[in-house]
Amino acid sequence: MPARLNSRYQRVLLKLSGEALQGQDDPICRQTFSRLAADIQALLKANVQVAIVIGGGNWSRGRDLQKDGVHQHSADQMGMLFTVVNGLALRDLFAQSGIPADILSSINMPGFVPDYRRDKAVKSLSEGKALILCGGTGETLFTTDTAAAQRAIEIEADILLKASTVDGVYDADPRQVKTAKKFKKLDYQRVIRDRLQVMDMAAFCLCEQHAMPIYVFDFNAPEALLDAVSEQSLGTMIQGENHD
Numbered sequence: 381m382p383a384r385l386n387s388r389y390q391r392v393l394l395k396l397s398g399e400a401l402q403g404q405d406d407p408i409c410r411q412t413f414s415r416l417a418a419d420i421q422a423l424l425k426a427n428v429q430v431a432i433v434i435g436g437g438n439w440s441r442g443r444d445l446q447k448d449g450v451h452q453h454s455a456d457q458m459g460m461l462f463t464v465v466n467g468l469a470l471r472d473l474f475a476q477s478g479i480p481a482d483i484l485s486s487i488n489m490p491g492f493v494p495d496y497r498r499d500k501a502v503k504s505l506s507e508g509k510a511l512i513l514c515g516g517t518g519e520t521l522f523t524t525d526t527a528a529a530q531r532a533i534e535i536e537a538d539i540l541l542k543a544s545t546v547d548g549v550y551d552a553d554p555r556q557v558k559t560a561k562k563f564k565k566l567d568y569q570r571v572i573r574d575r576l577q578v579m580d581m582a583a584f585c586l587c588e589q590h591a592m593p594i595y596v597f598d599f600n601a602p603e604a605l606l607d608a609v610s611e612q613s614l615g616t617m618i619q620g621e622n623h624d
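Numbering of the sequence shown is given in this note's numbering, commencing with residue 381 and proceeding in unit increments.
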């Protein structure tokens with residue numbers, strides 16, 4: 381565990397894609413879930429409040445459904461339901477690990493998941509519970525990246541932690557371009573100007589408008605989340621141009 385776990389961050393929002401949770405042959409990897417649970421438990425013990433916006437791409441991605449002839453509106457609705465499936469699985473795993481957790485959904489699902497409200501979200505965080513946010517924004521045409529930006533702003537998180545499959549932001553895809561350059565720090569305007577791949581532009585512009593810093597890190601690295609919160613990760617920090 382990082383020595384500097386008690387950092388300036390008191391409340392963080394983790395954006396976790398569905399793909400980050402899947403195994404080689406299964407939509408849910410128990411080992412990944414267990415590793416995430418251990419990190420969340422360590423953060424809560426260090427009095428760091430944690431909200432998680434979960435994606436659903438481990439079950440199916442909207443663009444793949446559209447290729448199969450599903451209309452985008454329906455594909456987006458299906459995607460929102462998949463995030464609820466992941467959220468329920470995550471809540472149960474947390475319970476098995478002794479982690480107090482609440483789950484809230486942007487889409488109305490009586491009998492399954494309570495509706496999201498900002499006051500309920502903040503109350504859960506203040507009580508030291510992990511908070512799982514599913515259902516995306518509750519509207520079609522918006523990604524879970526946008527939901528993460530929106531919720532981070534609403535709950536007044538100190539930072540949005542963007543879990544990735546690479547260790548930061550590059551000027552090209554490092555998996556395809558060996559000479560790709562990695563950035564340690566970026567400002568919002570540079571990302572927009574160079575069209576760097578951080579998150580979808582609607583989500584990114586929300587973060588810029590509300591001065592929400594974004595930290596992109598490799599979720600697959602050991603204790604990745606703990607390192608990100610304690611600023612010992614090798615990821616990329618994105619914030620205002622004049623920020624220290």
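We put the beta carbon where it would ideally sit given N, CA and C, even for glycine.
How is residue i classed by DSSP in three states: helix, strand or coil?
i           : result
residue 384 : The predicted model places residue 384 with a pLDDT of 48, which falls under 50 and marks its position as unreliable, so this point remains unresolved.
residue 389 : coil
residue 419 : helix
residue 446 : helix
residue 440 : coil
residue 563 : strand
residue 468 : helix
residue 429 : strand
residue 510 : strand
Across which residues does DSSP place residue i in a beta bridge pair?
i           : result
residue 413 : In the DSSP output, where bridge partners are listed per residue, residue 413 has none listed.
residue 489 : 493
residue 594 : 540 and 618
residue 553 : Answer by DSSP bridge pairing: none, since residue 553 is not bridged.
residue 396 : 434
Taking the alpha carbon of residue i as the reference point, which residue from the options has its own alpha carbon closest?
i           : options               : result
residue 488 : 469, 475 and 464      : 464
residue 518 : 398, 606 and 461      : 461
residue 412 : 601, 423, 506 and 568 : 601
residue 414 : 471, 551 and 433      : 471
Write down the C-beta distance between residue i and residue j rounded to the nearest angstrom, noting that I regard them as a contact closer than 8 Å.
i           : j           : result
residue 395 : residue 540 : 6 Å
residue 417 : residue 479 : 6 Å
residue 486 : residue 516 : 6 Å
residue 389 : residue 609 : 6 Å
residue 458 : residue 468 : Actually they do not touch by this definition, with Cβ atoms about 16 Å apart.
residue 491 : residue 466 : The pair is not a contact, with the Cβ atoms about 18 Å apart (cut-off 8 Å).
Looking only at its own chain, which residues have a Cβ that is under 7 Å from the Cβ of residue i, when we skip the five neighbours before and after it?
i           : result
residue 534 : 498
residue 453 : 520
So, at 6 Å on beta carbons, what are the nonlocal neighbours of residue i in its own chain, with the 5 sequence-adjacent residues on each side left out?
i           : result
residue 405 : none
residue 565 : 617
Please indicate yes or no: does the CB of residue i lie closer than 8 Å to some heavy atom of the ligand SAH?
i           : result
residue 615 : Among the components of this structure there are no ligands whatsoever, and the ligand SAH is therefore not found.
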